[in-house]
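In our numbering, the protein residues as written are 163 to 858.
Cβ atoms here follow ideal geometry from the backbone N, Cα and C, with glycine treated the same way.
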Ligand code: ADP
Ligand code: MG
């Protein structure tokens, strides 16, 4: 897009605040703004007027249908399209859209994963308009962002708890700020999501059943070259990829998604896209749309976009970095200012963050657990499965000094100034870059790096928001209980005690080192390597208590999420095992048998000529042994998968998949990959890693 077009078309497919101002009667616009800003319920008269204006706008943009766009528990967005047409008595049609249609929809809740919520209540589910996230047009459909709830009001989606956690966090943050004499109108989370993905040739993608059905390669011998030369990272972008990225930017900008940075990543064919941060739930909506556009637009360039956490063994996997902060009326509350050591308000927020992560480290880990992400976390890849907090060179010494003072109990009465950073923020990078930390303070925000690339990151944000709200409340209670003392002294003591009590979670060293694993164990930090290890934290009494206290998730809503995740894990692995069996039986075994047949014929022919074909004879023997091994391993995997599938209890079923089926999958893969290494390229039925990762 040309420069002037960019400014003209930015947000053109979004029903923005400016569109509303232009198209709505003034009092309606004012009321709607109030609803949005103050997070208030909306009445039907207003909704009718908004619906009308929205429809007129959408029709002008060529839309013919509308849909309630929502995020069921499987994390993918869902939509059911209804057209605007309303037949009239005279045989003509009107394009109509009512306030009721805008505010509420009724998809069939039974077709979505619900973790058992439906069994106990009615099958009916409702989508409810979220006026805080703007409506947009996608493929001639007006999309209305909504929450998805059951007949009895229980959340069936990922967005409802996210919005509730934002409410809880705002409430507690305002209480903290009030103690510092501040009364902001709004406190919001800000979230910037860096999205990693792979792009490969579409023809390679189509030629591999594993990629098409599971998003990752279940077989594939190690490529001759990996990422060791580090030539891809930030390297020149391929022309086809460049053209794709340009169109992607254009499409995202039309949707007012502030795509900002694009570059190659560490692994061959791996790339990253980062938008400018936005209000939390909006950033997540936009990330889901971005993921959809990535896949869709890649095909225009003969490419396939892989969003899986580990599409290829032997090279890096993909994550999604969740950059997170809190902002009060536009002011970043995690901005340390030039003198963090004197900025008491900042230190209180920082201490609360550290305590929140330590208190709920297992839950944080569980919030990003999935079969795909297990290939990154706890598998010698970035970042490790152990949750720790990196504070960096500028902040760690301050924290250490505070703790030391605390031990000495000396300067308790030292009065600090409030540290209002009136000066503009200096452009100093006050953290060095530690890429191995799962939760890193990066200057004026935290970066949670454990999230999986294909994940809807509502879950980790719900945990973070709520866990932080809990610590804010703890601070307020702490101060209230010491109302006869000087606030500054009390707040300082809170900071010191908090850093002292949660010191174990702070770790600035190399998170990949094996020594860290031993050290973390000594510190008593959880190391939950796999999804079945991590998921129970979701229904731990401590978690139930946390979410209930802040009205984010009831016990049954939480349990439903646990069941849905546990089932998802087993289902995904069942599919992967099925695909492996299928590929082995229908592609690999026939290919190896036919190739070894050819070589055997050569051995026989040469023997007739009186030549002993030593190499060929050895090759046939190895190919035959390999075929026998694969044949046996396929049967073994089939049987193990069948028994795992039969396990009734979701937790035990997941354990069976993790402990029994995955090793059987690995054994089969090793046997097939070994054959790939000695078979001719011509006979091999699928593209190899060398082909897929190093295309031109
Ligand atoms: P990197 O992680 O590569 O160093 P940046 O520091 O440029 O990248 O930022 C990464 C992401 O963090 C971007 O999406 C950016 O908009 C986001 N970000 C920056 N400031 C904040 C903030 N206060 N809150 C949330 N996200 C932020
Ligand atoms: Mg980052």
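Looking at the DSSP output, residue 291 bridges to 308. Pairing residue 719 with residue 425, the inter-Cα distance amounts to about 39 Å. Exposed is the label assigned to residue 423, since fewer than 16 other Cβ atoms lie within 10 Å of its Cβ.
Nearest in C-alpha terms to residue 528, of all of 726, 365, 597, is 726. Under the three-state reduction of DSSP, residue 317 is assigned to strand. One Cα belongs to residue 624, the other to residue 352, and the distance between them is close to 13 Å.
Every alpha helix (DSSP H) of 4 residues or more that sits fully in the stretch 427–461 is shown, in chain order, as 442–460. Taking the Cβ of residue 737 as the reference point, every heavy atom of the ligand ADP lies at 6 Å or farther away. In this model, residue 175 and residue 321 are separated by some 22 Å (Cα to Cα). Rounded to whole angstroms, the separation of the alpha carbons of residue 408 and residue 801 is 48 Å. Between the beta-carbon of residue 523 and that of residue 687 there is about 6 Å, and that keeps the pair under the 8 Å contact cut. Pairwise C-beta distances place the stretch 491–499 out of contact with the stretch 674–692, as fewer than three of them are shorter than 8 Å.
Checking the 6 Å criterion, the Cβ of residue 240 is out of range of every heavy atom belonging to the ligand ADP. In this structure, the beta-carbon distance from residue 854 to residue 362 falls below 7 Å.
Taking the C-beta atoms as reference points, residue 614 is found nearer than 7 Å to residue 535. Rounded to the nearest whole angstrom, the CA to CA distance from residue 732 to residue 827 is 14 Å. In this structure, the beta-carbon distance from residue 604 to residue 673 does not fall below 7 Å.
Taking C-alpha positions only, residue 670 is separated from residue 676 by approximately 15 Å.
Collapsing the DSSP output to three states places residue 691 in coil.
Distances between the C-beta of residue 381 and the heavy atoms of the ligand ADP are all 6 Å or more.
Rounded to the nearest whole angstrom, the CA to CA distance from residue 710 to residue 328 is 14 Å. Between the stretch 745–754 and the stretch 388–397 there are fewer than three C-beta pairs closer than 8 Å, too few to call the two in contact.
The nearest non-hydrogen atom of the ligand ADP is 6 Å or more from the C-beta of residue 557.
When 464, 312, 469, 465 are compared, the shortest CA-CA separation from residue 452 is found for 469. Excluding residues up to 5 positions away in sequence, 754, 833, 836, 837, 840 lie with their Cβ nearer than 8 Å to the Cβ of residue 788 in the same chain. Looking from the CA of residue 627, the closest CA among 456, 657, 349, 690 belongs to 349. The beta carbons of residue 539 and residue 547 sit closer together than 7 Å.
Residue 715 carries a coil assignment under DSSP once its states are collapsed to helix, strand and coil. Beta-bridge partners assigned by DSSP to residue 227: 245, 303. Taken atom to atom, the span from the alpha-carbon of residue 440 to that of residue 355 is near 9 Å. Looking only at 347, 182, 714, 428, the smallest Cα-Cα distance to residue 316 is reached by 714.
Nearest neighbour of residue 444 by Cα position, chosen from 729, 463, 813, 418, turns out to be 418. In its chain, beyond the 5 residues on either side, 758 have a beta carbon closer than 8 Å to the beta carbon of residue 786. The beta carbon of residue 274 is closer than 6 Å to those of 234 in its chain, skipping five residues each way along the sequence. In the DSSP annotation of this structure, the continuous segment of the alpha helix (DSSP H) that includes residue 851 starts and ends at 851–855.
Around residue 406, the same chain offers 361, 459, 460, 462, 463, 465 as residues with beta carbons nearer than 8 Å, after the five sequence neighbours per side are excluded.
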